[in-house]
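What follows is one structure encoded as structure tokens, with my remarks underneath.
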Amino acid sequence: MSDKKLETDITIIGGGLAGMTAAIGLAEHGFEVAVVDMAPQGDLTAAGYDGRASALAFASCQLFEALGIWKHMEPYAQPILEIRVSDGPSLLSLHFDHETLGDGPLGHMVENRHTRIALFERLKEIKGVTLLAPERVAEIDRTKEGVTTTLTSGTVIKSDLIIGADGRGSLVRQHAGIPVSVIDYKQHGIVCSVEHEFSHCGIAHERFLPSGPFAILPLCGNRSSLVWTEKSHLTDTIMGLSDRAFESEVRRRIGDFLGEVKVIGGRWAYPLTLQYGQDYVADRLALIGDAAHGIHPISGQGLNLGLKDVAALIETLVDARRVGLDIGAMSVLENYGRWRTTDNASVYAITDGFNRLFSNDIAPIKLLRDVGMAAVDQVVPLKNFFMQHARGTVGDLPKLLRGEQL
Ligand SMILES: Cc1cc2nc3c(=O)[nH]c(=O)nc-3n(C[C@H](O)[C@H](O)[C@H](O)COP(=O)(O)OP(=O)(O)OC[C@H]3O[C@@H](n4cnc5c(N)ncnc54)[C@H](O)[C@@H]3O)c2cc1C
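Note that the working numbering has the sequence shown beginning at 16, numbered continuously upward.
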């Protein structure tokens, strides 16, 4: 047993993409931070850990830039120049081109592993973050004066605030007794990467198949990341296919526009749900990222929402400290909670609606969505609105996402 004692301004439970970005951002703004993660650092950056790549909105990339992380990600970031959306074999489709807005790419695709490596690289360059991993939480005690986190190793951390960045099953959220609403889509997201003969030209494709969306997302080089949404009861069968049979199913779904296609690396399956905590804050406690909300990957917004939380929380805490307020006080944290719940609620609703609309093959609904897509494709202001959404530049944006310093 360790008898290590730490005193920091903030303890973050969960050193994933949201938690680690928050730690770096808070340390950059003068806070002392302890980050606790149950996985060893080596596991978090191993090729087999995650398998996903994320479509990072333009605004999220600005946050990484502002925090000095982007320079470590940029060599692995593939600009998204166009998005093409189609409904199975229907000829009616939607096409978004970054040139319409004339403002740089719509976003970038980065493998989560490379983002994690970039975060650890940035960590080496800055002061103020103590990473404790692998470590598990034994007890959290919140009082008027502060919050004490005891780890199973015996290490004790005393802080003014605890942040739960510990993903969908958040122990911090459970500790605070924050109820969570869950909708199970009975779908899984099967994820893998492919190498192909022809260039993807920076185009992301989203095809709506009866079991759900099938996304072909461009990575650096002649490689793409696939998110194949499938009904949960078929997932085990697909995951159990031989490499050859799996590759043949993948080729059948992609078609021949990328030439010869080969699956590279492993395959992963993620259960898909919509879940959101009814509060993001409690006394001396705040939730960020998937600990606060998890959405369907149909619009590639989950992590982008988490990064908005990160930027909003940093801004709230920096402002509070500047005027001498207690960063763990409910009156301070409620500002963050209100800001993010209002902004996120519309994204939950849109994402949920899209998935329901596009994950079925009932003829009148199919007709409605095809006509809807064709209409959006023709109406320039509507199309620009969707593109601004993809770029993450709508809503009440925190300064760091607008590329401004605090
Ligand atoms: C198939 C799929 C595709 C996606 N594509 C996109 C996309 O294109 N764009 C996008 O924006 N989003 C996308 N998302 C969503 C995105 O992946 C998540 O929103 C994001 O990974 C959440 O990050 P997080 O840091 O909040 O949580 P997590 O990544 O879950 O990290 C939680 C961390 O906490 C640690 N932890 C957990 N419990 C404890 C504990 N008790 N004690 C200590 N540590 C703990 C874990 O080890 C982990 O490191 C996708 C999701 C899926 C399923």
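All C-beta atoms in this analysis are idealised placements derived from N, C-alpha and C, irrespective of residue type, glycine included.
* Does DSSP put D298 in a helix, in a strand, or in coil? -> coil
* Cβ-based neighbour list, H151, same chain, cut-off 6 Å, excluding 5 preceding and 5 following -> Per the sequence presented here, residue 151 reads as Arg, with His not at that position. The residues are M53 and T167.
* Asked: Any heavy atom of ligand 1 closer than 7 Å to the CB of M88?
  -> no
* Asked: Given that a residue counts as buried once 16 or more other Cβ atoms are within 10 Å of its Cβ, and exposed if not, what is M345?
  -> exposed
* Asked: When burial is assigned at 16 or more other CB atoms within 10 Å of the CB, is C216 buried or exposed?
  -> exposed
* With DSSP run on the structure shown, which of helix, strand or coil describes V51? -> strand
* Is any heavy atom of ligand 1 found at a distance shorter than 7 Å from the C-beta of I28? -> yes
* Are A301 and A70 closer than 8 Å when you measure CB to CB? -> no
* Pull up the distance between the alpha-carbon of S239 and that of Q290, whole angstroms please. => 28 Å
* To do: Look at the alpha carbon of G119 and the alpha carbon of N359, and state the distance between them as a whole number of angstroms.
  => 25 Å
* Nearest-angstrom Cα distance between E140 and L82? -> 11 Å
* Asked: Does the count of Cβ pairs from the region 55-67 and the region 277-294 closer than 8 Å reach three?
  -> yes
* Asked: When you compare only the Cα positions, how much space is there between I153 and D199?
  -> Per the sequence shown, residue 153 should be read as Ala rather than Ile. A153 and D199: Cα-Cα distance of roughly 30 Å.
* **Delimiting residues of the alpha helix (DSSP H) encompassing F46** => Premise fails: F46 is in no alpha helix (DSSP H) and is neither H nor E.
* **Sub-8 Å separation of C207 and Q93 beta-carbons** => no
* Asked: Can we count Q189 as close to ligand 1, meaning its CB is less than 7 Å from some heavy atom?
  -> no
* **Proximity test, Y285 beta-carbon vs ligand 1 heavy atom, cut-off 7 Å** => yes
* the region 25-34 in contact with the region 299-315 per 3-pair CB rule at 8 Å -> yes
* Just confirm the distance between the C-beta atoms of G317 and A307, as a whole number of angstroms; I'd bet it's less than 8 Å. => Going by Cβ atoms, the distance from G317 to A307 rounds to 11 Å, so no, they are not a contact pair.
* To do: Thinking V48 and I28 are a contact (beta carbons under 8 Å), I'd like their distance in whole angstroms, please.
  => The pair is not a contact, with the Cβ atoms about 12 Å apart (cut-off 8 Å).
* Asked: What's the C-alpha gap between V409 and I84?
  -> 23 Å
* **is_contact[I155, chain C] using C-beta, thresh 8 Å** => Here there is only one protein chain, and chain C is not present.
* Which residue from M16, V362 and I279 puts its Cα closest to that of N237? -> I279
* Give me the Cα-Cα distance between L256 and E210, rounded to the nearest whole angstrom. => 19 Å
* With a floor of 3 residues, list each beta strand (DSSP E) that falls wholly inside the region 90-168, ordered by position along the chain. => 93-95, 97-102, 108-112, 122-126, 144-147, 152-157 and 162-166
* Asked: ligand 1 heavy atoms versus the CB of N237: any closer than 7 Å?
  -> no
* Is the beta carbon of R183 within less than 7 Å of some heavy atom of ligand 1? -> yes
* Asked: Expressed to the nearest angstrom, what Euclidean distance is found between the alpha-carbon atoms of G339 and F46?
  -> 14 Å
* Closer than 7 Å: M425 CB and nearest ligand 1 heavy atom -> For the chain, the structure presents residues 16 to 421; residue 425 sits outside this window and is missing.
* **According to DSSP, residues forming a beta bridge with T69** => The sequence shown places Ser at residue 69, not Thr. V125, per the DSSP bridge assignment.
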